[in-house]
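In terms of my numbering, the sequence shown opens at residue 1 and continues consecutively. Using N, Cα and C, we set each Cβ at its ideal position, and we do this for glycine too. Note that the coordinates shown come from a computational prediction; the quantities given were computed from them, not determined experimentally. Read the structure below first, then the notes.
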Amino acid sequence: MEQLDQMRISLASTLEGRTEEPTIETMKEVCKPVGIRAVAIGKENGWQVRQVASKYRNPDHAPANAQERQVIDLFSRHPEINGLWEPAVAEQGAGLNYYRRINVEPSCLACHGTKASRPAFIKDNYPDDKAFDLAVGELRGMYAVHLPEVQAALAAATS
Ligand code: HEC
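The structure is reproduced here in structure tokens:
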């Protein structure tokens, strides 16, 4: 998840200093490939990896259950908590969930800043967008990883 987060940060930083407005092409260079990579990491490892946000842009990233809503709430109230483990919820079956926070950085504001300043392709393609008016340092969302085969003891040892 650290690598995935670094991927987004370095992709977003390539936009810094550009004067032209981000387009559908530059967007493909930031959050969409992070989402695609998240799914691929899950497939490679037998996990499910999602991005989740209460203020989501892509509706696929809305919280899926009460645990996800609770963890987002915890991360937003406690900026010092970076990641945590929880038991899988009933509909997931066995295993554990790992959650890792995603904060807003200055480079994110090109597309997650004020509602009016969002690039046109975002206004056009995401009619239910909630992922704007964010401030640097604020919680943007989280990575949610379901590891169906990890036992609680192992997670305790690695956290
Ligand atoms: C070039 C525009 C752009 C920049 C810059 C950008 N984002 Fe995004 N972001 C998007 C778009 C578009 C989506 C929706 C992608 C999709 O459909 O999966 C998105 C989605 C996300 C999501 C998934 C949850 C959701 O709301 O759908 C997260 C998390 C996220 N962005 C975090 C960040 C962070 C953190 C930064 C800065 C390091 C950043 N973004 C910079 C355009 C951008």
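- Going by beta carbons, residue 148 and residue 93 fall inside the 9 Å limit.
- In the DSSP secondary-structure assignment, residue 113 is not bridged to any residue.
- In this structure, the straight-line span from the alpha carbon of residue 89 to that of residue 151 is close to 14 Å.
- Of all C-beta pairs linking the region 120-139 to the region 32-51, fewer than three are shorter than 8 Å, placing the two stretches out of contact.
- The region 34-80 is shown to contain whole beta strand (DSSP E) runs of 3 or more residues at 48-52, in chain order.
- Bridge partners of residue 144 according to DSSP: 50 and 99.
- The C-beta separation of residue 76 from residue 134 comes to about 12 Å, leaving the pair out of contact by the 8 Å criterion.
- If you ignore the 5 residues before and after residue 56, its C-beta comes within less than 7 Å of the C-beta of 62, 130 and 131, all in its own chain and listed in chain order.
- According to the DSSP secondary-structure assignment, residue 105 is paired through a beta bridge with no residue.
- Here DSSP, grouped into helix, strand and coil, assigns residue 2 to helix.
- Judged by DSSP secondary structure, residue 84 falls within the beta strand (DSSP E) whose first and last residues are 83-87.
- With contacts defined by Cβ atoms closer than 9 Å, residue 87 and residue 136 do not form a contacting pair.
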